[in-house]
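Visitor: Chains as they are written, first to last, in the numbering used here: chain P, 2 to 399; chain X, 2 to 399. Beta carbons: idealized from backbone N, C-alpha and C, even for Gly. Structure below; questions to follow.
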């Protein structure tokens, strides 16, 4: 028997427009994977009351979290590199010594598919336990057709086994593979790799930065992806003001991510193009860099998402409650804004209009918190705040 | 049967002098609550090998964490106040409206002893699960003999039931109770409260700050505590450069805590007096204030501890791995320094020479990590890194 009714909810919190609405003494019902009733318990239709039930005992409920930016399929271990970076070594020097993204490319290429899938599934399972019910996963550690396809095999395997919904993104334009001419690699992406793999993914992403793909190179890759009907994402203005956000806006991308060095005009362009700003505080934290002022970004009117950026080099985070705490305590967001960005914002950045809110017709992705208010997530940043997770209508065990 | 031997340790890490020493392929043995052997497994005496054993399967082991600054006995809930503070209300305005420490004083006075003990024990249990094996707990929400004694009853109850070691500190000079004349309260502390309760605690602490107790008032309280043979702790130079650290040094206090506004001369004085600098990054994080530059503090030669400062107003943290991650990622410490500060540093600040290191004669307080290196604690700041905890020789369940 599968529970299909949450009763005795102290309060549920759900994004509406750009704010958070709360409903007290509430109930939420679903049929299959879709919410079919949500509101004050006193108004619950009699016909729904006999469904299998989880009694929330006054706890708060929020929508399942949407983690819209991860690189969680990878091989190898870069903790030693992390320690050396803390000791003052530059990323460039570590990369020259075989570290950085290239170290993960080598380890991911070398690892058997099953081993990668096992490790990725473990990460996704921990994410789900912490309330994430939709996870975007990027390729980008293969950098050729064979190994990017292997990463997609891993993502498919995770999708088949994980209790949550997976959204695959092609990020073959993550770095230039060693020993391959830069012009030749862009030609190869445009003529061969993107066309070959486009039907296996929902999005195409490019690391647009003077240290990676130029605006012109990025545009060529993204334009061929758009022709293949993929949604577009851009790693934009992370290391410097390189023009990535402006490119994302000009192409009507679904998201522009990082944005550490984006200017106000860039944010304005993103707002006008309906491109979501995906902010990833873990990358700032792990690199000891200043955090993006997310309150100021929000203020411009652009839609904001927050995500883990789970990756082995610069942001080895797995849990959205921790990202929410960072967004509030380090990026200046209010708890309501951070909740919006972790749910509706993430869903909007993935162009998924069926989730990220608690409303009739939405996916039954729900998190029952331990306490009676979502502010606990930043009030107690090292706490375990998740009591139950319902993903696509199915309560996760534990 | 109680395990008394850890085998197959990939590496154990232990403070020695001011650095961290590591021993590979190691074993650690204990008898009762005391380590009686630690070193390379190849040298393990034959007579010890048949003890009940936990196989660490190559994992890393570190000393149990020492949380040397907490206010974890309290009643009430200040999450709403936290949310208002995030919204821009000043602490002073919230305090004037009945919030701040006084809100917790009122709620703690009103709560039954058993209720306070149940909540405090739950906090300590979560701390222990995360690897803390020694916890200092302060009074300071009673502010009269009856209610400070009630807090000590709670601390005693926690000590009796918790699996870890508890160190009680009298902090009746935490705030001035409402409706009591300031001169009269200091006289009362000196003549009545401290003498009445001194034999129930190990330390006396004072919140020395222009916004709380002046240097002169603090000195009077601490001097009577010293005469009662209590060790001294001082909340020093937190909100402004108020002279607390200099006072702590001049009185040979065991610790000076916070130190956000301490000057280099203050740190130098602490070093000369053998006073430990207890840094509490959670208070900076939760108040969105700049972090102390712990690397610079360490550089002065003063001994450094890090602690949760667990309290309902300004730092509702419970886990030392999270504090270690903040120390590394936000306060500039190296992973080795942070581990030192979370173990040996904490023990030194509590004047406990029998713990905070893995060596023969030390308490068998041990943490088996999930991974093979303690750098994981800051590399994956939202991870759960603790596999087993042994407190005073007893493996905790779970």
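Could you name the residues of chain P that residue 1(X) contacts, counting a contact when the two beta carbons are closer than 8 Å?
Guide: Outside the shown range of chain X (2 to 399) lies residue 1(X), about which nothing can therefore be said.
Visitor: Assign residue 109(X) to one of two classes, buried (16 or more other C-beta atoms within 10 Å of its C-beta) or exposed (fewer than that).
Guide: For this step, residue 109(X) is matched to residue 108 along the second chain. It is buried - the Cβ of residue 109(X) has at least 16 other Cβ atoms within 10 Å.
Visitor: Going by Cα to Cα distance, which pick from 288(X), 382(X), 341(X) is closest to residue 84(X)?
Guide: By 1-based counting over the second chain, the position of residue 84(X) is 83. Per the Cα distances, 288(X).
Visitor: Between the Cα of residue 366(X) and those of 37(X), 21(X), 20(X), spot the shortest distance and give me the residue it belongs to.
Guide: The residue labelled residue 366(X) in the question sits at position 365 within the second chain. Residue 37(X) is the option with its Cα nearest to residue 366(X).
Visitor: What is the DSSP secondary structure of residue 228(P), counted as helix, strand or coil?
Guide: As a working mapping, residue 228(P) is identified with position 227 in the first chain. Three-state DSSP puts residue 228(P) in a helix.
Visitor: Where does residue 320(X) sit, in a helix, a strand or coil, going by DSSP?
Guide: To locate residue 320(X), count along the second chain from 1; it is residue 319. Looking at residue 320(X) - three-state DSSP - the assignment turns out to be coil, as it is neither helix nor strand.
Visitor: Compute the Euclidean distance between the alpha carbons of residue 1(X) and residue 41(X), then round it to the nearest angstrom.
Guide: Here chain X comprises residues numbered 2 to 399, so residue 1(X) is not present and cannot be evaluated.
Visitor: Looking at the structure shown, is residue 359(X) part of a helix, part of a strand, or coil, going by DSSP?
Guide: Translated into positions along the second chain, residue 359(X) becomes position 358. It is coil, neither helix nor strand.
Visitor: So, for residue 126(X): in the same chain, excluding its five sequence neighbours on each side, which residues have a beta-carbon less than 8 Å away from its beta-carbon?
Guide: Translated into the one-based positions of the second chain, residue 126(X) becomes position 125. Within the same chain, residue 126(X) has close Cβ partners 163, 164.
Visitor: With DSSP collapsed to three states, give me the class of residue 367(P).
Guide: What you label residue 367(P) is simply residue 366 of the first chain in a count that begins at 1. If DSSP states are grouped into helix, strand and coil, residue 367(P) belongs with the strands.
Visitor: Contact check, residue 72(X) vs residue 258(X) under 8 Å by CB: the rounded distance?
Guide: Within the second chain, numbered from 1, the residue matching residue 72(X) stands at position 71. Within the second chain, numbered from 1, the residue matching residue 258(X) stands at position 257. Not quite, the Cβ-Cβ distance comes to about 11 Å (not below 8 Å), so this is no contact.
Visitor: Which runs of the beta strand (DSSP E), 3 residues or longer, sit entirely within the region 259 to 290 of chain X?
Guide: Counting only runs of 3 or more, we get 277 to 280.
Visitor: Select from 145(X), 306(X), 377(X) the residue whose C-alpha is nearest the C-alpha of residue 271(X).
Guide: Along the second chain, read from residue 1 onward, the residue named residue 271(X) stands at position 270. Considering only alpha carbons, the answer is 306(X).
Visitor: Take every Cβ of the region 97 to 105 of chain X, pair it with every Cβ of the region 59 to 70 of chain X, and state whether three or more of those distances are shorter than 8 Å.
Guide: No, they do not touch.
Visitor: Quick one: Cα of residue 112(P) to Cα of residue 54(P), how far?
Guide: Within the first chain, the letter at position 111 stands for residue 112(P). Within the first chain, the letter at position 53 stands for residue 54(P). Spanning the two alpha carbons is a distance of roughly 44 Å.
Visitor: Pick from 254(X), 134(X), 330(X): whose alpha carbon is nearest that of residue 168(X)?
Guide: Counting from 1 along the second chain, the entry for residue 168(X) is found at position 167. Closest option to residue 168(X), Cα to Cα, is 134(X).
Visitor: Please return the same chain residues whose Cβ sits closer than 6 Å to the Cβ of residue 342(P), not counting the five positions on each side in sequence.
Guide: As a working mapping, residue 342(P) is identified with position 341 in the first chain. Closer than 6 Å at Cβ, skipping near neighbours: 305, 306, 307.
Visitor: Going by beta carbon distance, what residues of the same chain come within less than 8 Å of residue 122(P), once the five residues before and after it are set aside?
Guide: What you label residue 122(P) is simply residue 121 of the first chain in a count that begins at 1. Taken in chain order, the residues that qualify are 158, 159, 162, 163.
Visitor: Determine whether the Cβ of residue 12(X) lies closer than 7 Å to any Cβ atom of chain P.
Guide: Here the question's residue 12(X) lines up with position 11 in the second chain. So no, residue 12(X) is outside the interface.
Visitor: By how many angstroms is the C-alpha of residue 95(X) removed from the C-alpha of residue 175(X)?
Guide: Mapped onto the second chain, residue 175(X) falls at position 174. Mapped onto the second chain, residue 95(X) falls at position 94. Approximately 17 Å, taken between the alpha carbons.
Visitor: In the DSSP assignment, find the unbroken alpha helix (DSSP H) run with residue 35(P) in it and report its ends.
Guide: In the first chain, counting from the first residue as 1, residue 35(P) sits at position 34. Taken as a continuous stretch (DSSP letters only), residue 35(P) belongs to no alpha helix (DSSP H), being part of the beta strand (DSSP E) at 35 to 41.
Visitor: Are residue 253(P) and residue 216(P) close, meaning C-beta to C-beta below 7 Å?
Guide: Translated into positions along the first chain, residue 253(P) becomes position 252. Translated into positions along the first chain, residue 216(P) becomes position 215. Cβ distance not < 7 Å, so residue 253(P) and residue 216(P) don't count as in contact.
Visitor: Output the distance between the C-alpha atoms of residue 219(X) and residue 233(X), rounded to the nearest integer angstrom.
Guide: Here residue 219(X) corresponds to residue number 218 of the second chain, with the count starting at 1. Here residue 233(X) corresponds to residue number 232 of the second chain, with the count starting at 1. In a straight line, the C-alpha of residue 219(X) is about 11 Å away from that of residue 233(X).
Visitor: Nearest-angstrom Cα distance between residue 223(X) and residue 331(P)?
Guide: By 1-based counting over the second chain, the position of residue 223(X) is 222. By 1-based counting over the first chain, the position of residue 331(P) is 330. Cα to Cα, residue 223(X) sits roughly 37 Å from residue 331(P).
Visitor: So residue 381(P) contacts chain X; which residues on that side make the cut at Cβ distance below 7 Å?
Guide: Stepping through the first chain from its first residue, residue 381(P) is reached at position 380. Under the 7 Å cutoff, chain X gives 317.
Visitor: Please state the DSSP three-state secondary structure of residue 52(X).
Guide: Here residue 52(X) corresponds to residue number 51 of the second chain, with the count starting at 1. Residue 52(X): coil per DSSP, three-state reduction.
Visitor: List, from N- to C-terminal side, the beta strand (DSSP E) runs of 3 residues or more that fit wholly inside the region 56 to 111 of chain P.
Guide: Fully enclosed beta strand (DSSP E) runs of 3 or longer: 61 to 64, 66 to 68.
Visitor: Let me know if residue 2(P) comes out buried or exposed under the rule of 16 or more other beta-carbons within 10 Å of its beta-carbon.
Guide: Position 1 of the first chain, counted from the first residue, corresponds to residue 2(P). Unreliable positioning characterises residue 2(P) in this predicted model, as indicated by a pLDDT of 48, which lies under 50. The coordinate reading is nonetheless provided below. Burial call: exposed.
Visitor: Who are the Cβ neighbours of residue 350(P) in its own chain at under 7 Å, not counting the five residues just before and after it?
Guide: On the first chain, residue 350(P) is found 349 positions in, with the first residue counted as 1. 69, 255, 256, 277, 279, 306.
Visitor: Which class does residue 189(P) belong to by DSSP, given the choice of helix, strand or coil?
Guide: Mapped onto the first chain, residue 189(P) falls at position 188. Residue state, collapsed to three classes: helix.
Visitor: Using the beta-carbon of each residue, which ones in chain P are nearer than 9 Å to residue 286(X)?
Guide: To locate residue 286(X), count along the second chain from 1; it is residue 285. Ordered by position in chain P, the residues that pass the 9 Å Cβ test against residue 286(X) are 326, 330, 331, 382.
Visitor: Skipping 5 residues on each side, what residues in its chain have a beta carbon closer than 6 Å to that of residue 377(X)?
Guide: Taking the first residue of the second chain as 1, we reach residue 377(X) at position 376. The residues are 386.
Visitor: Look at the alpha carbon of residue 235(P) and the alpha carbon of residue 172(P), and state the distance between them as a whole number of angstroms.
Guide: Counting from one through the first chain, the residue named residue 235(P) turns up at place 234. Counting from one through the first chain, the residue named residue 172(P) turns up at place 171. Near 9 Å, if we compare the C-alpha coordinates of residue 172(P) and residue 235(P).
Visitor: For a contact defined as C-beta to C-beta under 7 Å, what are the partners of residue 377(P) on chain X?
Guide: Working through the first chain from its first residue, we reach residue 377(P) at position 376. Here the neighbours are 80.
Visitor: I'd like the list of long-range same chain contacts for residue 212(X), defined as Cβ closer than 7 Å, with 5 residues on each side in sequence excluded.
Guide: Taking the first residue of the second chain as 1, we reach residue 212(X) at position 211. Answer for residue 212(X): 240, listed in chain order.
Visitor: For the alpha helix (DSSP H) holding residue 119(P), just list the boundary residues, first then last.
Guide: Taking the first residue of the first chain as position 1, residue 119(P) is located at position 118. 114 to 130 is the span of the alpha helix (DSSP H), which, as asked, contains residue 119(P).
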